[in-house]
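The block underneath contains the structure these notes are about, expressed in structure tokens.
In this note's numbering, the protein residues as written are 645 to 758.
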């Protein structure tokens with residue numbers, strides 16, 4: 645399975661604890677393609693977009709298009725980044741644009757106060 649940065653995959657995130665995003669859902673792969681020592685990818689889960697998320701620096705709005713394969717407007721939740729084993733990956737949905745990836749990286753930098 646060849647999983648690349650910027651791709652959107654359906655991933656099984658269960659089991660979870662507390663308020664972690666759960667179930668099988670789309671994620672954006674944010675880890676570098678150069679990291680390959682372990683079968684683990686750093687991902688940011690997607691959730692349904694709601695207008696009240698606009699004020700959150702950690703949510704990045706992503707609109708469905710022919711490349712990303714999404715069916716509804718979504719939010720990339722960079723506050724819930726996590727490393728997941730590639731065995732959790734179900735199938736590829738699509739890919740993000742370079743502009744969306746730049747927004748995701750900026751949101752991650754803001755979350756960690758980089």
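Note that beta-carbon positions come from the ideal geometry of N, C-alpha and C, so glycine has one too.
query	result
Entirely enclosed beta strand (DSSP E) segments - the region 694-719, minimum 3 residues	703-706
Straight-line gap, residue 646 to residue 696 (C-alpha atoms, nearest Å)	35 Å
Nearest residue (CA-CA) to residue 698, options 745, 749, 717, 677	717
8 Å Cβ cutoff met for residue 745 and residue 680	no
Host beta strand (DSSP E) of residue 652 (start-end)	651-656
Candidates 747, 726, 754: closest to residue 685 by CA position	726
Residue environment, residue 740, which counts as buried when at least 16 other CB atoms sit within 10 Å	buried
Contact belief for residue 737 with residue 652 at Cβ below 8 Å, rounded distance in angstroms	4 Å
Residue 670, buried or exposed, once every other Cβ within 10 Å from all chains shown has been counted against 16	buried
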